[in-house]
Each structure stands twice: as structure tokens, then as C-alpha cells.
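Q:
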Amino acid sequence: MPPVTPESISPRSPRVSAARRLAKRNFRGKERLFLAEGPQAVREAAGHKDTLVELFATVEAADRYADIIGEARAVGVRVHLASDDVIADISTTVTPQGLVGICRFLDTPFEEILAARPQLVAVLANVRDPGNAGTVLRCADAAGAEAVVLTDASVDLYNPKTVRASVGSLFHLPVAVGVPVEEAVEGLRRAGVRILAADGAGSDDLDDELDRGTMGGPTAWVFGNEAWGLPEETRGLADAVVRVPIHGKAESLNLATAAAVCLYASARAQRASGGCRSVTES
Numbered sequence: 001m002p003p004v005t006p007e008s009i010s011p012r013s014p015r016v017s018a019a020r021r022l023a024k025r026n027f028r029g030k031e032r033l034f035l036a037e038g039p040q041a042v043r044e045a046a047g048h049k050d051t052l053v054e055l056f057a058t059v060e061a062a063d064r065y066a067d068i069i070g071e072a073r074a075v076g077v078r079v080h081l082a083s084d085d086v087i088a089d090i091s092t093t094v095t096p097q098g099l100v101g102i103c104r105f106l107d108t109p110f111e112e113i114l115a116a117r118p119q120l121v122a123v124l125a126n127v128r129d130p131g132n133a134g135t136v137l138r139c140a141d142a143a144g145a146e147a148v149v150l151t152d153a154s155v156d157l158y159n160p161k162t163v164r165a166s167v168g169s170l171f172h173l174p175v176a177v178g179v180p181v182e183e184a185v186e187g188l189r190r191a192g193v194r195i196l197a198a199d200g201a202g203s204d205d206l207d208d209e210l211d212r213g214t215m216g217g218p219t220a221w222v223f224g225n226e227a228w229g230l231p232e233e234t235r236g237l238a239d240a241v242v243r244v245p246i247h248g249k250a251e252s253l254n255l256a257t258a259a260a261v262c263l264y265a266s267a268r269a270q271r272a273s274g275g276c277r278s279v280t281e282s
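In terms of the UniProt record's numbering, the sequence shown opens at residue 1 and continues consecutively.
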């Protein structure tokens, strides 16, 4: 159990050095630990069983977020009081918020995701920007998706920018990592999931899909690289290649925006096909 009161920690402590190294992917992989920064991420980590293992906090942050400190200590997390300089040294943000947690990896084996028979899944194929990956994860969480899959060519799930951009959603739904896109598609199809590739040059229009009533079943959306989208071979794996219609003069949508539109369209269609309450009902 942690001490009755948080311990003050020296800048030269091996614990500080160990935490600082987690900013690098090779150390994260070796230790299977990652950083969660700020009150929202730390709160979510503390509430996720056996995930948060250590917490660094400035005196001011410990006072301001006393409830989070209490939650962490209640589940056996050792809390260190640290100076602003120590937090800045560990943190990967320009303006740290005074709380930095060390968390265990929490990705889910792809087989477990398939066994759960998901209804809505986001597959990130060759998505390289950590901010985009985290934002799509957040959108999937908000839309009620049951899982996210990051293919083997995509960004590290535990990149600090990905963790921050997910705004806590990383702790809410299963995420599989390192799955080849072909394996992801084949596995999901065997699980009864329809595969839709999101592409601006798709032959099918999202509005038409909705009008035809073809989006009410289990669905996985495959989203591609920010710069070049989905390669032809990946599009060829899908049951349909769908474009988000551009009704105005915008050239295109960015990845995260397109993902939000697609995931919410599927979520709405699935709820309607399951007997969603009419808006006219009281």
C-alpha cells in the first residue's frame, strides 16, 4: 500500500529517470508502460483496473485535484510530490498540468475483439499522425464503437500525443495494435462484420448508403493514411468503398472529421434498425 501521505521525490531519483525515458517508444515497448498526462487522462487511468501504477504531482496539482489523488491512492498507486521542474522534465507537453501518471499497456488481443462480436469498429490503416489516431479513437468512443484496430503500419498507440488526443477514450474501449490490415479485414468479416473503406474517391456515396438502409448491420470502417488515403489493394479488401459527400466547396475533409461523420452515420443507422425511438414520441 502507498504511504499515508504522498512522498516528495528528488529530481535525481531513478523513478524520475525511468519516467522520463517513457517518452521514447523503445523504452515504452521494453517496459510495457506509458505516460498519461493531465487530470482527465490520470482520472481515467485511475478508474481503469490495474492500469495506473505510479503518479507524479506538483503540490499545487495535488491540492487542486485532491479527488484524483485520492482515487489513485485508493487503488494502491504510489503518489510522488514533485517540483514544477521535475514535472516539466517528465512531461512531453509545452505547458504541463501538474499530473503525470505511469500506466501499464492496455491493448487488447485482436482475437478477443472478434470473440465479442463487435457491431461497430474503426480500423486505422497506415495512420501515422498521433494526433489524428487519438482523435479517431475519441470519435469511435463517442459514437459507441466497440473497438478500434491499429494496423501494423500505424502510429504507436502509446505515443504521448496519441494518448493526449484521445482525451481519456484510450481507457474506454478495446484497442488492438499491430494487426496486418488483411488479417484485420478477414477476421472481422468472419465475425459477420461488413467492411467499408472510407475514401474520397469511393464509388458509393454515404448518403446513398444511408438511404438504401444498408448500414444497419455490424460494420467496420477502414480509414487510411492522412496524405494518400487507402491504397488500391486495401480498398479491394472492402465490401464497399464509400465517400463522404461534399455538398459545399471544400476540397476534402481531414481524417478525423471524415471518421466522425462515418462512425456516427453507422451508429445512427444501427440504432434505427434496432428500433430507435422516434423523435415524435413523447
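Where a beta carbon is used, it is the ideal one built from N, C-alpha and C, also for glycine.
I need the boundaries of the beta strand (DSSP E) containing Ile195, first residue and last residue.
A: Reading the sequence shown from its first residue, position 195 is the one you call residue 195. Note, Ile195: beta strand (DSSP E), 194–198.
Q: Which value, in whole angstroms, describes the spacing of the CA atoms of Glu183 and Arg194?
A: Along the sequence shown, read from residue 1 onward, the residue named residue 183 stands at position 183. Along the sequence shown, read from residue 1 onward, the residue named residue 194 stands at position 194. Cα to Cα, the separation comes out at about 14 Å.
Q: Taking all protein chains shown into account, decide if Glu209 is buried (16 or more other Cβ within 10 angstroms of its Cβ) or exposed.
A: Here residue 209 refers to the residue found at position 209 of the sequence shown. Buried: at least 16 other Cβ atoms inside 10 Å.
Q: Excluding five sequence neighbours on each side, which residues of the same chain lie with their C-beta closer than 8 Å to the C-beta of Arg20?
A: Start at 1 with the first residue of the sequence shown, and residue 20 comes out as number 20. Answer for Arg20: Asp89, Ile90, listed in chain order.
Q: Going by Cα to Cα distance, which pick from Asp207, Pro231, Leu124 is closest to residue 321?
A: Residue 321 cannot be examined here, being either before or after the span of the chain that is shown, 1 to 282.
Q: With burial defined as no fewer than 16 other Cβ atoms inside 10 Å of the residue's Cβ, what is the status of His80: buried or exposed?
A: Within the sequence shown, the letter at position 80 stands for residue 80. Classification for His80: buried.
Q: Whose C-beta lies closer than 8 Å to the C-beta of Asp199 among residues of the same chain, with five residues either side of it excluded?
A: Within the sequence shown, numbered from 1, the residue matching residue 199 stands at position 199. Same-chain partners within the cutoff: Gly224, Gly229, Leu230, Arg235, Val241, Val242, Arg243.
Q: Could you tell me if Ala116 is buried or exposed, where buried requires 16 or more neighbouring beta carbons within 10 angstroms of its beta carbon?
A: Within the sequence shown, numbered from 1, the residue matching residue 116 stands at position 116. The residue in question, Ala116, is exposed, as its Cβ has fewer than 16 Cβ neighbours within 10 Å.
Q: Between which two residues does the beta strand (DSSP E) harbouring Arg243 extend?
A: By one-based count along the sequence shown, residue 243 stands at place 243. From DSSP, the beta strand (DSSP E) with Arg243 extends over 240–243.
Q: Please go through the same chain and pick out, in chain order, the residues whose beta-carbon is closer than 7 Å to the beta-carbon of Asn132, but skip the five residues on each side of it.
A: Here residue 132 refers to the residue found at position 132 when the sequence shown is read from its first residue. Counting only Cβ-Cβ distances below 7 Å, and skipping sequence neighbours, we find Glu226, Leu255, Ala256.
Q: Look at Leu120 and Gly101 and say whether their C-beta atoms are less than 9 Å apart.
A: Taking the first residue of the sequence shown as 1, we reach residue 120 at position 120. Taking the first residue of the sequence shown as 1, we reach residue 101 at position 101. Their beta carbons are not under 9 Å apart, which means Leu120 does not touch Gly101 by this criterion.
Q: Residues bridged to Trp221 by DSSP?
A: As a working note, residue 221 is residue 221 in the sequence shown. Per DSSP, Ala122, Leu196.
Q: With a floor of 4 residues, list each alpha helix (DSSP H) that falls wholly inside the stretch 37–114, ordered by position along the chain.
A: List check, alpha helix (DSSP H) in window: 39–47, 59–64, 66–74, 84–90.
Q: Using DSSP bridges, identify the partner residues of Ala176.
A: Taking the sequence shown and counting its residues from 1, one reaches residue 176 at position 176. Val149, per the DSSP bridge assignment.
Q: Please classify Pro3 as buried or exposed, where buried requires at least 16 neighbouring CB atoms within 10 angstroms.
A: Your numbering for residue 3 matches position 3 in the sequence shown. Note that Pro3 scores 42 on pLDDT, short of 50, meaning its location in the model is unreliable and no value can be drawn from it.
Q: So the alpha helix (DSSP H) Pro14 belongs to, where does it begin and stop?
A: Looking up residue 14 in the sequence shown gives position 14. Start and end: 14–21.
Q: So, helix, strand or coil for Leu33, using DSSP?
A: Position 33 of the sequence shown, counting from 1, holds the residue named residue 33. In this structure, Leu33 counts as strand in the three-state DSSP scheme.
Q: Once DSSP output is grouped into helix, strand and coil, what is the label at Gly131?
A: The residue labelled residue 131 in the question sits at position 131 within the sequence shown. Gly131: helix per DSSP, three-state reduction.
Q: Based on the DSSP output, what are the partners of Gly229 in its beta bridges?
A: By one-based count along the sequence shown, residue 229 stands at place 229. Paired residues: Asn225.
Q: Going by beta carbon distance, what residues of the same chain come within less than 6 Å of Val177, once the five residues before and after it are set aside?
A: The residue you call residue 177 lines up with position 177 of the sequence shown. Cβ neighbours of Val177 beyond the five flanking positions: Asp107, Leu150, Leu157.
Q: Identify the residues that DSSP records as bridge partners of Ser8: which are they?
A: Residue mapping note: residue 8 aligns to position 8 of the sequence shown, counting from 1. Ser8 is bridged to Leu81.
Q: Is it buried or exposed for Pro245, if we count other Cβ within 10 angstroms and need 16 for buried?
A: For the purposes of this step, residue 245 is identified with residue 245 of the sequence shown, where counting begins at 1. By the neighbour-count rule (16 or more Cβ atoms within 10 Å), Pro245 is not buried but exposed.
Q: Could you check how far apart the C-beta atoms of Ala191 and Leu173 are, in whole angstroms? I think they sit under 8 Å.
A: Counting from 1 along the sequence shown, the entry for residue 191 is found at position 191. Counting from 1 along the sequence shown, the entry for residue 173 is found at position 173. Not confirmed; about 16 Å, so no contact.
Q: Roughly how many whole angstroms lie between the Cα atoms of Lys161 and Asn26?
A: The residue given as residue 161 occupies position 161 in the sequence shown. The residue given as residue 26 occupies position 26 in the sequence shown. Those two C-alpha atoms are separated by around 16 Å.
Q: Can you tell me which of Tyr65, Thr135, Ala57, Ile87 puts its alpha carbon nearest to the alpha carbon of Arg78?
A: Counting from 1 along the sequence shown, the entry for residue 78 is found at position 78. That would be Ala57, whose Cα lies nearest to the Cα of Arg78.
Q: Using the C-alpha atoms, what's the distance from Arg189 back to Met215?
A: By 1-based counting over the sequence shown, the position of residue 215 is 215. By 1-based counting over the sequence shown, the position of residue 189 is 189. Approximately 15 Å between the Cα atoms of the pair.
Q: So what's Asp205 in DSSP terms, helix, strand or just coil?
A: The residue labelled residue 205 in the question sits at position 205 within the sequence shown. Asp205: strand per DSSP, three-state reduction.
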